[in-house]
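**Q** In our numbering, the protein residues as written are 101 to 749. Where is the CB? At the ideal position from N, CA and C, for every residue including glycine. Model, not experiment: these values are computed from the prediction.
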Amino acid sequence: MIGIQNIELQYNDRVLFGGVSFLINPGEKIGLVGSNGAGKSTLLKIVTGEVSADAGHISKPKDSRIGYLPQELPLHDGRTVWEEAESALSSIKKIEARLEKINEQLATREDYESDGYLKLIEDLNLLTEQFNLEGGYTYHANLEKILTGLGFKAEDFERQTTEFSGGWRMRIELAKLLLQPHDLLLLDEPTNHLDIHSIVWLEEFLKQYEGAILMVSHDRTFLDNITTRTVEVVKGKVYDYPVSYSRFVNLRAERREQQMLALKNQEKEIKHTEQLIEKFRYKASKAAFAQNLIKKLDNMDRIEIDEDDSRKIQFRFPPAPRSGKVVLKAQQVGKKYGERSIFQNVDVEVERHDRVAFVGQNGQGKSTLVKIITEHLQHEGKLEIGHNVDIGYYAQEQAKTLKGNKTLLETIEDAAPEDLRKRARDYLGAFLFSGEDVDKKVSVLSGGEKGRLALCKLMLHAHNVLVMDEPTNHLDMRSKDMLKNALVNFDGTLVVVSHDRHFLDGLVNKIYEFREGKVKPFLGSINEYLEARKFEDFRQVEHSEKVKKESSSPRSNNDYEQKKQLEKDLRKAQNLVSKLEKKIEDEEMELQVLDEKLQDPQQFKELSQNPDFYEKYEARKADLEKLMEQWETAQKELDILNREKETLD
Numbered sequence: 101m102i103g104i105q106n107i108e109l110q111y112n113d114r115v116l117f118g119g120v121s122f123l124i125n126p127g128e129k130i131g132l133v134g135s136n137g138a139g140k141s142t143l144l145k146i147v148t149g150e151v152s153a154d155a156g157h158i159s160k161p162k163d164s165r166i167g168y169l170p171q172e173l174p175l176h177d178g179r180t181v182w183e184e185a186e187s188a189l190s191s192i193k194k195i196e197a198r199l200e201k202i203n204e205q206l207a208t209r210e211d212y213e214s215d216g217y218l219k220l221i222e223d224l225n226l227l228t229e230q231f232n233l234e235g236g237y238t239y240h241a242n243l244e245k246i247l248t249g250l251g252f253k254a255e256d257f258e259r260q261t262t263e264f265s266g267g268w269r270m271r272i273e274l275a276k277l278l279l280q281p282h283d284l285l286l287l288d289e290p291t292n293h294l295d296i297h298s299i300v301w302l303e304e305f306l307k308q309y310e311g312a313i314l315m316v317s318h319d320r321t322f323l324d325n326i327t328t329r330t331v332e333v334v335k336g337k338v339y340d341y342p343v344s345y346s347r348f349v350n351l352r353a354e355r356r357e358q359q360m361l362a363l364k365n366q367e368k369e370i371k372h373t374e375q376l377i378e379k380f381r382y383k384a385s386k387a388a389f390a391q392n393l394i395k396k397l398d399n400m401d402r403i404e405i406d407e408d409d410s411r412k413i414q415f416r417f418p419p420a421p422r423s424g425k426v427v428l429k430a431q432q433v434g435k436k437y438g439e440r441s442i443f444q445n446v447d448v449e450v451e452r453h454d455r456v457a458f459v460g461q462n463g464q465g466k467s468t469l470v471k472i473i474t475e476h477l478q479h480e481g482k483l484e485i486g487h488n489v490d491i492g493y494y495a496q497e498q499a500k501t502l503k504g505n506k507t508l509l510e511t512i513e514d515a516a517p518e519d520l521r522k523r524a525r526d527y528l529g530a531f532l533f534s535g536e537d538v539d540k541k542v543s544v545l546s547g548g549e550k551g552r553l554a555l556c557k558l559m560l561h562a563h564n565v566l567v568m569d570e571p572t573n574h575l576d577m578r579s580k581d582m583l584k585n586a587l588v589n590f591d592g593t594l595v596v597v598s599h600d601r602h603f604l605d606g607l608v609n610k611i612y613e614f615r616e617g618k619v620k621p622f623l624g625s626i627n628e629y630l631e632a633r634k635f636e637d638f639r640q641v642e643h644s645e646k647v648k649k650e651s652s653s654p655r656s657n658n659d660y661e662q663k664k665q666l667e668k669d670l671r672k673a674q675n676l677v678s679k680l681e682k683k684i685e686d687e688e689m690e691l692q693v694l695d696e697k698l699q700d701p702q703q704f705k706e707l708s709q710n711p712d713f714y715e716k717y718e719a720r721k722a723d724l725e726k727l728m729e730q731w732e733t734a735q736k737e738l739d740i741l742n743r744e745k746e747t748l749d
């Protein structure tokens with residue numbers, strides 16, 4: 101158990117923590133939440149000892165092991181991906197080296213009865229046991245599993261770390277952390293540098309993690325799927341709820357409503373008591389009664405309302421001018437950097453009012469295609485922008501390109517059309533910049549504040565197409581919810597790159613997946629896409645295992661055998677779909693007959709006399725629901741098999 105006890109911290113005249121306390125129990129998964137600037141990252145640093153508090157202390161067992169992943173880490177050069185990740189296992193490597201040395205000595209010595217030889221045997225047994233306990237016999241497999249789960253391919257393992265971008269190198273640091281046994285993991289925005297598939301993998305890994313986790317994240321789905329407790333930091337205080345984030349939001353609102361109602365009742369009671377005191381305090385016969393009322397007021401526990409940072413960005417995108425039916429059309433588009441091909445033969449068509457998401461692993465070209473669309477980046481193939489299309493672009497690095505030497509007010513005034521310049525302060529106020537904030541230099545803003553300023557700039561013009569590359573990075577959850585709400589109500593066309601499942605859910609209706617140099621469309625929601633992708637990955641793993649088992653056969657790599665097996669699987673899947681469709685049709689017809697009988701008063705009376713009728717009727721409806729679910733699963737498998745057949749053909 102680790103205790104955060106009465107932590108106080110003040111920066112200049114701002115109280116960041118005013119006596120913060122809570123416990124972290126073994127194995128607990130805790131989400132640490134709050135608005136940008138509330139002090140979440142600072143609190144993690146206090147737990148690690150990186151930042152000293154003004155008062156209070158952190159209590160922890162002497163031998164406790166704490167792992168910490170900050171938002172930014174120093175990166176090391178001169179090693180391969182495998183070597184850098186393996187460096188986290190220094191204790192295992194030391195034991196391995198000692199075991200190797202002892203085995204060499206045992207192989208050359210012949211004084212089997214000597215004390216020295218027996219001591220070597222004893223050391224060998226102890227070290228072997230320790231090696232086994234620390235995972236020495238499985239670390240290669242664990243290392244490969246974690247690197248692969250975080251998006252690295254087998255051929256990447258021997259590449260130098262310097263060949264990778266900062267985001268990919270942060271994944272190596274995360275892999276190093278996950279490889280080590282910790283009693284507590286402190287994670288500060290662990291999904292920032294991950295794509296959607298790696299986030300899903302990390303989610304599953306952390307759910308099974310035996311140690312405790314205290315994490316800061318603005319990914320609602322990620323928090324909901326992992327954490328069972330939420331600690332909110334608000335204006336120097338913490339509020340602790342034993343539930344996941346979404347449940348916490350509801351409970352928090354309910355609790356504040358109850359507190360406000362209780363406070364209102366208490367204020368009525370206080371007012372009535374004060375009136376009685378005033379009425380009787382100067383009457384000798386009632387003086388004792390008045391004194392009792394005064395004591396009652398003095399001893400009354402005054403109800404306090406939980407602090408709440410209720411500030412929210414409030415905005416709507418301007419009405420979108422009408423564009424042509426086809427907003428953009430890409431035909432056989434490709435992009436290379438030198439000899440490296442990012443993608444090729446890409447066909448994408450976006451129509452007016454489409455809501456499109458680009459998803460897939462990092463480095464597969466999502467942002468590159470966005471730049472081809474918005475910045476006319478040189479490319480192969482043909483890209484046509486439709487009639488009367490006006491694109492508003494939020495670039496992933498846009499916040500970084502804001503001019504640091506300008507104030508916020510100057511930034512908006514310079515970007516605004518002449519008729520809107522007088523309203524620059526109003527626009528900034530809608531994005532939570534008010535008073536003296538507008539005179540701050542852009543260079544002193546946090547990542548979340550720069551993101552809000554970039555969104556504010558986007559609001560100054562009426563666009564009919566919005567292209568947004570990772571717009572939720574660094575935004576807190578309230579700001580993300582407001583942005584999503586504004587985009588849902590936007591009456592133009594949307595193309596968005598994002599790895600945030602909650603943000604995409606209900607926002608987009610068409611998905612393009614970037615994978616292995618190709619871009620494929622998927623019609624459906626983000627959750628349907630992830631389900632289909634998970635099932636496809638499972639089939640690929642299954643197929644890989646089958647290939648391994650048949651590796652001794654000369655026909656294991658034969659296309660004919662592969663097609664033959666695929667056709668067999670296809671027939672089986674088609675038969676299952678047809679069989680389920682027939683069952684569903686029969687069940688629906690029988691229920692329809694029953695429904696018609698229930699409409700007839702006489703038959704309804706007769707059926708109602710049977711005590712089991714309604715139970716059986718509801719059971720049949722439940723059976724129909726199960727059949728529909730089975731059909732959906734079978735149809736998805738059939739679709740995947742058909743896509744595999746198209747690939748082989």
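Do Y345 and T330 have their beta-carbon atoms positioned less than 8 Å apart in this structure?
**A** yes
**Q** Using the three-state DSSP reduction, which class does T142 fall into: helix, strand or coil?
**A** helix
**Q** Give every residue of the same chain whose Cβ lies closer than 6 Å to the Cβ of K129, excluding the five residues on either side of it in the sequence, and list them in chain order.
**A** I313, I326, T327, T328
**Q** For my contact list, G267 and H293 are in at a C-beta cut-off of 8 Å; report their separation, rounded to the angstrom.
**A** With a Cβ gap of about 4 Å, G267 and H293 count as contacting.
**Q** With a CB to CB cut of under 6 Å and the five nearest residues on each side skipped, what residues in its chain are close to G103?
**A** L123, S159
**Q** Is Q308 helix, strand or coil by DSSP?
**A** If DSSP states are grouped into helix, strand and coil, Q308 belongs with coil.
**Q** Cβ of A420 within 8 Å of Cβ of V446?
**A** With respect to the 8 Å criterion, A420 and V446 are not classified as neighbours on the basis of their beta carbons.
**Q** Check this for me: beta carbons of I195 and G167, under 8 Å apart or not?
**A** no
**Q** Here's the rule I'm using: 16 or more other beta-carbon atoms within 10 Å means buried, otherwise exposed. How should A495 be labelled?
**A** buried
**Q** Put K429 into one of helix, strand or coil per three-state DSSP.
**A** strand
**Q** Beta-carbon separation of F614 and F458 under 8 Å?
**A** yes
**Q** Check this for me: beta carbons of L738 and A673, under 8 Å apart or not?
**A** Cβ atoms of L738 and A673: closer than 8 Å.
**Q** Could you tell me which of V450, L528, F443, R523 sits nearest to H487, measuring between CA atoms?
**A** V450
**Q** From Y382 to T373, what distance separates their C-alpha atoms?
**A** Roughly 15 Å separates the two Cα atoms.
**Q** Under 8 Å, do T291 and S317 count as touching if we go by C-beta distance?
**A** yes
**Q** So, at 7 Å on beta carbons, what are the nonlocal neighbours of R320 in its own chain, with the 5 sequence-adjacent residues on each side left out?
**A** Its chain contains Y345, S346, M577, H602 as the residues whose beta carbon lies nearer than 7 Å to that of R320, once the 5 sequence neighbours on both sides are disregarded; these appear in chain order.
**Q** Since Y345 is in the alpha helix (DSSP H), which residue starts that stretch and which ends it?
**A** Per DSSP, Y345 belongs to the alpha helix (DSSP H) from 345 to 380.
**Q** Using only alpha-carbon positions, find the residue among I394, L680, E688 that is nearest to E369.
**A** Looking from the CA of E369, the closest CA among I394, L680, E688 belongs to I394.
**Q** Put M689 into one of helix, strand or coil per three-state DSSP.
**A** helix
**Q** So, using beta-carbon positions, are I192 and F231 closer together than 8 Å?
**A** At the C-beta level, I192 and F231 come within 8 Å of one another.
**Q** For V750, is the classification buried or exposed, using 16 other Cβ atoms within 10 angstroms of its Cβ as the cut-off for buried?
**A** Outside the shown range of the chain (101 to 749) lies residue 750, about which nothing can therefore be said.
**Q** For H240, does the three-state DSSP call read helix, strand or coil?
**A** helix
**Q** Between A241 and L306, what straight-line distance do the alpha-carbon atoms span, to the nearest angstrom?
**A** 18 Å
**Q** Relative to the alpha-carbon of F417, which residue among A530, G139, D569 has its alpha-carbon at the smallest distance?
**A** Between F417 and the set A530, G139, D569, the nearest pair of CA atoms involves A530.
**Q** Taking 7 Å as the limit between beta carbons, can you name the residues of its chain near L323, skipping five residues before and five after?
**A** G131, S317, S344, Y345
**Q** Would you verify that the beta carbon of G178 is, or is not, closer than 8 Å to some beta carbon of chain D?
**A** In the structure shown, chain D cannot be found, because there is only a single protein chain.
**Q** Using CA coordinates, which residue listed in R209, D154, L143, E273 is at the minimum distance from L189?
**A** Among R209, D154, L143, E273, the Cα nearest to that of L189 belongs to E273.
**Q** If we count the other Cβ atoms within 10 Å of its Cβ and call it buried at 16 or more, is L226 buried or exposed?
**A** exposed
**Q** At a threshold of 7 Å, does S625 count as lining the ligand MN (C-beta to nearest heavy atom)?
**A** As presented, the structure is devoid of all ligands, the ligand MN included, so that no description of it is given.
**Q** Give me, in chain order, the residues of the same chain whose beta-carbon lies closer than 7 Å to that of V448; leave out the 5 immediate sequence neighbours on both sides.
**A** A430, Y612, V619
**Q** Any idea if M101 is buried or exposed, counting beta-carbon neighbours within 10 angstroms, 16 or more meaning buried?
**A** exposed
**Q** Quick test of your reading: L583 and R455, contact by CB under 8 Å. State the CB separation rounded to the nearest angstrom.
**A** At roughly 14 Å, the Cβ-Cβ gap does not stay under 8 Å, so L583 and R455 are not in contact.
**Q** Please list the terminal residues of the continuous beta strand (DSSP E) segment that includes D340.
**A** Here the beta strand (DSSP E) through D340 covers 337 to 341.
**Q** One question on the structure: do L575 and G617 come within less than 8 Å of each other, judged by their Cβ atoms?
**A** Their beta carbons are not under 8 Å apart, which means L575 does not touch G617 by this criterion.
**Q** Which residue marks the beginning of the beta strand (DSSP E) containing D447, and which one marks its end?
**A** Where D447 is concerned, the enclosing beta strand (DSSP E) starts and stops at 440 to 451.
**Q** Determine the burial state of P517: buried for a count of at least 16 other Cβ atoms within 10 Å of its Cβ, exposed for fewer.
**A** exposed
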